[in-house]
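See structure below.
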Amino acid sequence: MHHSRTIHGSRQNKSSQGRPVLVLTYSAADAIPYTAPAYPSSRYGVLVRGEEPGYAHHEELHVPMPPDWSDGYTSIFAHQEDQGHQEPQ
């Protein structure tokens, strides 16, 4: 289990097979994203319990807005390859 704001990773996949991943995310109905998802799915935004609130609840804190990805997005994996990422010995 990972908190969504925790950076995490694993060793480089050196096999010819892909590495499966399953991401399940539950959030409050009033936790509305500021930007559209990069990879929306057929289940994105499905309310599993309760009712649509019609408003967003905000805690009293300053949260920076996400970058504008409208010109494209480079994944962390591509960034690691560009930087010559090497695994620790």
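Sequential numbering of the sequence shown, starting at 298, is according to my numbering. Glycine included, every Cβ here is placed at the ideal spot set by N, Cα and C. These numbers come from a predicted model, not from an experiment.
Straight-line spacing of the CA atoms in V343 and A375 works out to 31 Å.
Leaving aside the five residues that flank A325 on each side, the residues in its chain whose CB is nearer than 8 Å to its CB run, in chain order, H354. Inter-segment contact for the segment 319-335 and the segment 345-361 is present: three or more beta-carbon pairs are separated by less than 8 Å. No Cβ-Cβ contact shorter than 7 Å links T322 with P363.
Counting only runs that start and end inside the segment 303-357, there is no alpha helix (DSSP H) element of at least 4 residues. DSSP places D365 in the coil class of the three-state scheme, outside both helix and strand.
The shortest CA-to-CA distance from L319 to any of K311, S338, L358 is the one to S338. Rounded to the nearest whole angstrom, the CA to CA distance from P361 to S372 is 20 Å.
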